[in-house]
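Visitor:
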Ligand code: 13P
């Protein structure tokens with residue numbers, strides 16, 4: 001059975017003490033996640049040790065990194081490798097967020113290298129895809145997203161793909177308060193699964209978790225997550241509010 005995942009992406013927000021307070025608040029609620037459910041926290045890299053400490057003892061709660069360098073080690077001042085994150089106990093790394101693509105010029109080819117770096121050490125990339133508004137308005141979102149998947153993931157073996165989580169995040173819905181409707185999300189998630197099935201077969205495609213991201217909040221999570229091909233969410237703004245993210249975790253199916 002594929003995993004249902006509530007993933008927080010804190011982006012570049014919160015001080016260390018605010019991060020601690022948020023985690024304390026969140027963990028006041030008892031969670032009993034099912035075997036197929038996970039809560040993942042992609043926190044700023046310096047907050048990883050604190051987050052690991054706070055989450056310890058909570059079944060199926062994991063810390064993630066928001067990015068990594070494609071190389072294992074070397075003279076890359078300011079960068080952190082997937083290997084380094086793994087050595088700290090981090091097993092999930094967000095790769096190819098639209099903000100990385102836009103502000104740091106990360107190309108499909110570079111993201112393919114990053115995906116490899118993460119998989120090589122046995123960690124899980126949370127690979128982001130999603131179209132800008134102009135592409136959606138032109139009705140070309142399926143081709144756009146299929147191309148992103150093909151360019152950065154289709155060199156993988158089926159066995160490797162099974163360790164990838166996909167997050168579909170339409171850029172026009174990120175931080176805008178404008179969420180894709182549950183029908184729009186289901187439609188493109190089903191399409192993504194079709195693209196994966198065409199390359200890897202239906203049995204493999206059916207095991208891949210496809211998260212939706214873009215203004216997910218407590219008020220829309222149940223409806224979004226109830227869609228057949230929506231396996232949870234990657235959550236920005238609402239993950240910074242304890243009550244919101246608690247409700248989002250509880251909305252997992
Ligand atoms: P928001 O939930 O703030 O729209 O951000 C979505 C996102 O970019 C998560 O990675």
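In my numbering, the protein residues as written are 1 to 253.
Glycine included, every Cβ here is placed at the ideal spot set by N, Cα and C.
Where do the N-terminal and C-terminal ends of the alpha helix (DSSP H) with residue 94 fall, by residue?
Guide: Position 94 of the chain shown, counted from the first residue, corresponds to residue 94. Residue 94 -> not in any alpha helix (DSSP H); beta strand (DSSP E) instead, spanning 92 to 95.
Visitor: Taking the Cβ atom as the reference point for each residue, do residue 12 and residue 49 lie within a distance shorter than 8 Å?
Guide: In the chain shown, residue 12 corresponds to position 12, counting from 1. In the chain shown, residue 49 corresponds to position 49, counting from 1. No, they are not a contact pair.
Visitor: With a threshold of 7 Å (Cβ to nearest heavy atom), would residue 67 be considered close to the ligand 13P?
Guide: One-based indexing of the chain shown puts residue 67 at position 67. Not under cutoff, so the answer is no.
Visitor: Mind checking whether the beta-carbon of residue 173 lies closer than 7 Å to any heavy atom of the ligand 13P?
Guide: Taking the chain shown and counting its residues from 1, one reaches residue 173 at position 173. With a threshold of 7 Å, the Cβ atom of residue 173 counts as near the ligand 13P, since some heavy atom of the ligand is closer than that.
Visitor: Note down, in chain order, each residue of its chain lying with its Cβ closer than 7 Å to the Cβ of residue 246, except the 5 sequence neighbours on either side.
Guide: Locating residue 246 in the chain shown gives position 246, where the first residue counts as 1. Same-chain partners within the cutoff: 26 and 29.
Visitor: Considering only DSSP beta bridges, list what residue 125 is partnered with.
Guide: Mapped onto the chain shown, residue 125 falls at position 125. According to DSSP, which records beta bridges pairwise, residue 125 is partnered with 93.
Visitor: Among residues of its own chain, excluding the 5 on either side of residue 76, which ones have a beta-carbon nearer than 7 Å to its beta-carbon?
Guide: Working through the chain shown from its first residue, we reach residue 76 at position 76. Closer than 7 Å at the Cβ level, and outside the excluded window around residue 76, lie 69.
Visitor: Which ranges would you report for the alpha helix (DSSP H) in the stretch 15 to 52 if only whole runs of at least 4 residues count?
Guide: Entirely contained in the stretch 15 to 52, the alpha helix (DSSP H) runs reaching 4 residues are, in chain order, 16 to 26.
Visitor: Among the residues of its own chain, which have a CB less than 6 Å from the CB of residue 164, if the five just before and after it don't count?
Guide: Counting from 1 along the chain shown, the entry for residue 164 is found at position 164. Counting only Cβ-Cβ distances below 6 Å, and skipping sequence neighbours, we find 125 and 127.
Visitor: Is it right to say residue 198 is buried, meaning 16 or more other beta carbons lie within 10 angstroms of its own, or is it exposed?
Guide: By one-based count along the chain shown, residue 198 stands at place 198. By the 16-neighbour rule on beta-carbons within 10 angstroms, residue 198 is exposed.
Visitor: Shorter than 7 Å, the distance from the beta carbon of residue 235 to the closest heavy atom of the ligand 13P, or not?
Guide: As a position in the chain shown, residue 235 is number 235, starting the count at 1. In this structure, residue 235 has its CB closer than 7 Å to one or more heavy atoms of the ligand 13P.
Visitor: Would you say the beta carbon of residue 216 is closer than 7 Å to some non-hydrogen atom of the ligand 13P?
Guide: Taking the chain shown and counting its residues from 1, the one referred to as residue 216 is at position 216. Within the cutoff, so yes.
Visitor: Closest by CA to residue 181, which one among 241, 220, 154 and 147?
Guide: Working through the chain shown from its first residue, we reach residue 181 at position 181. With distances taken between Cα atoms, residue 181 lies closest to 220.
Visitor: Under the DSSP definition of a beta bridge, which residues are partnered with residue 69?
Guide: Here residue 69 corresponds to residue number 69 of the chain shown, with the count starting at 1. Partner(s): 81.
Visitor: Check whether chain D comes within 8 Å of residue 113, counting only Cβ atoms and requiring the distance to be less than that.
Guide: Absence of chain D from the displayed structure is noted, only one protein chain being present.
Visitor: Compute the distance between the beta-carbons of residue 201 and residue 168, then report whether it is under 8 Å.
Guide: Against the chain shown, residue 201 aligns to sequence position 201. Against the chain shown, residue 168 aligns to sequence position 168. Against a cut-off of 8 Å, the Cβ pair of residue 168 and residue 201 comes out as no contact.
Visitor: Could you spell out where the alpha helix (DSSP H) holding residue 60 opens and where it closes?
Guide: Here residue 60 refers to the residue found at position 60 of the chain shown. Where residue 60 is concerned, there is no enclosing alpha helix (DSSP H), given that its DSSP letter is neither H nor E.
Visitor: Let's test the definition: count the other Cβ atoms within 10 Å of the Cβ of residue 99 and tell me whether it reaches 16, buried, or not, exposed.
Guide: Mapped onto the chain shown, residue 99 falls at position 99. Residue 99 is classed as buried because its beta carbon has at least 16 other beta carbons within 10 Å across all chains shown.
Visitor: Measure the Cβ-Cβ separation of residue 118 and residue 153 and say whether it is below 8 Å.
Guide: As a working note, residue 118 is residue 118 in the chain shown. As a working note, residue 153 is residue 153 in the chain shown. Cβ atoms of residue 118 and residue 153: not closer than 8 Å.
Visitor: Are the CB atoms of residue 248 and residue 230 within a distance shorter than 8 Å?
Guide: As a first step, residue 230 is located in the chain shown; it is residue number 230 there, counting from the start. As a first step, residue 248 is located in the chain shown; it is residue number 248 there, counting from the start. Not in contact: residue 230 and residue 248 (Cβ atoms no closer than 8 Å).
Visitor: From residue 14 to residue 120, what distance separates their C-alpha atoms?
Guide: Here the question's residue 14 lines up with position 14 in the chain shown. Here the question's residue 120 lines up with position 120 in the chain shown. Put simply, the backbone Cα of residue 14 is about 31 Å away from that of residue 120.
Visitor: When DSSP labels each residue in this structure, what does residue 165 get in the three-state scheme?
Guide: Here residue 165 is taken as the residue at index 165 of the chain shown, counted from 1. Three-state result, residue 165: strand.
Visitor: May I have the straight-line CA-CA distance separating residue 59 from residue 24, to the nearest angstrom?
Guide: Here the question's residue 59 lines up with position 59 in the chain shown. Here the question's residue 24 lines up with position 24 in the chain shown. Answer to the nearest angstrom: the Cα atoms are 16 Å apart.
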